[in-house]
Amino acid sequence: MTTPVIYKNYTDPARSPPFNGVGGLTATFDKQFQLTLSFVDPGNQPIAAPAYLTLTSGSTAMNLTSYSSQWTRAASWTVTDAMWEGAKGMVLGSPTIDLTGGAVTMTIALKAYSASVKTVDGSGNPVSGVTVTVSFVGNSTTKTFTTDNTGIIQLGHIPSGPYNVQVTYQGKSTNWATDASIASQPLTITVPGAAGGGGTTNSTAVSAVVLLTIFGLAFLLVILAIRVRKPPPPPKIE
Numbered sequence: 001m002t003t004p005v006i007y008k009n010y011t012d013p014a015r016s017p018p019f020n021g022v023g024g025l026t027a028t029f030d031k032q033f034q035l036t037l038s039f040v041d042p043g044n045q046p047i048a049a050p051a052y053l054t055l056t057s058g059s060t061a062m063n064l065t066s067y068s069s070q071w072t073r074a075a076s077w078t079v080t081d082a083m084w085e086g087a088k089g090m091v092l093g094s095p096t097i098d099l100t101g102g103a104v105t106m107t108i109a110l111k112a113y114s115a116s117v118k119t120v121d122g123s124g125n126p127v128s129g130v131t132v133t134v135s136f137v138g139n140s141t142t143k144t145f146t147t148d149n150t151g152i153i154q155l156g157h158i159p160s161g162p163y164n165v166q167v168t169y170q171g172k173s174t175n176w177a178t179d180a181s182i183a184s185q186p187l188t189i190t191v192p193g194a195a196g197g198g199g200t201t202n203s204t205a206v207s208a209v210v211l212l213t214i215f216g217l218a219f220l221l222v223i224l225a226i227r228v229r230k231p232p233p234p235p236k237i238e
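My numbering puts the first residue of the sequence shown at 1, with every later residue one more than the last.
Next comes the structure, spelled out in C-alpha cells:
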C-alpha cells in the first residue's frame, strides 16, 4: 500500500483518476467562537456554577464543565440539562445560545432556591439550641445545623425538589417535608417540648417555679396546722 502525497492546499486537482481509489484530500475546518456563561437563581441572584451543562444542537450533544471563554462550535445550541449540587434537570426553561455569528456571553437560570428554617415555641417565640437535620431527596445528602437565639438557620441555595426537615429539641423530634420552589421562606416549625410564651425553656426559671411551689405548699400546711390546733386547757384553781 502506498500513502498518497499530501499537498499544501490539501487537494491535488490533477489527480484523475484517483490514486489507489483515494483521490484528492479536502480539509474541513470547524468554526468556533468563545462562550462565557454565568448562573443565577429564578430571582436573578448569582449562584455557583453547575458541575456540568449539557448543550444540544441537532444530533450533537456535549457537556461543558468550564464556562469562561470556552471555544465552542459555531452553531445554535439549546441548554438541555445541568447537574447542580448533585441534582440533574436543574435548567430553568430551554435557553438557546446562538453561536453562529460570534462570541457570546449570557446568563443561565437554574432551579436553585434560597431556603431557611425558623424554629419557634407554641407562642411563636424563637427557640435556640435546636438541632435541625435537613435531607435533600434529589441528591441524597444530609446536613445538620443548630439554631442560634434567632431560631433561624440559613440553608443557602438548594436544588428544586422535595427536602425533609427533622427538628430535635430536648429529646423530642418532629418531621416536615416541603419543596423550596413553592414554600414560603423561612419555613417555620413549632418545636415540640419548647415552653410557650418565653422562647427557649429556661432551666433556672423552671427550678425557681418548683421551689416557689414547694414553699407555698409548706406555708399553707403551717396555716392549716395553726387553725386546727386545739387550745390548751385552762389552769386548775385549788
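No residue lacks a Cβ here, since even glycine has one placed at the ideal position from N, Cα and C.
Here DSSP, grouped into helix, strand and coil, assigns M106 to strand.
Below 8 Å, enough C-beta pairs join the region 185-192 and the region 164-171 to call them touching: three or more. The residue from K88, I97, V104, D41 with its alpha-carbon nearest to that of S69 is V104. The secondary-structure analysis by DSSP pairs Y163 across a beta bridge with F136, T178. Remark: C-beta atoms of W71 and L110 do not approach each other more closely than 9 Å. From the listed residues G89, T147, N175, G43, the smallest Cα separation to G161 is found for G89. The region 81-95 and the region 133-147 touch, with no fewer than 3 CB-CB distances between them shorter than 8 Å. Taking the CA atoms as reference points, H157 sits about 22 Å from V120.
Following the DSSP letters along the chain, one finds D98 inside the beta strand (DSSP E) bounded by residues 96-98. Taking C-beta atoms as the reference points, A74 and L99 count as a pair closer than 9 Å. For T80 against T54, the beta-carbon gap comes to about 5 Å, under 8 Å, which counts as contact. In this chain, the beta strand (DSSP E) harbouring I189 covers 187-190. For F39 and V132, the gap between their C-alpha atoms comes out near 29 Å. For the pair G101 and K31, the Cα-to-Cα distance works out to about 10 Å. Counting along the chain, A82 sits inside the beta strand (DSSP E) bounded by residues 76-83. Straight through space, the alpha carbons of Y67 and S128 are spaced by roughly 41 Å.
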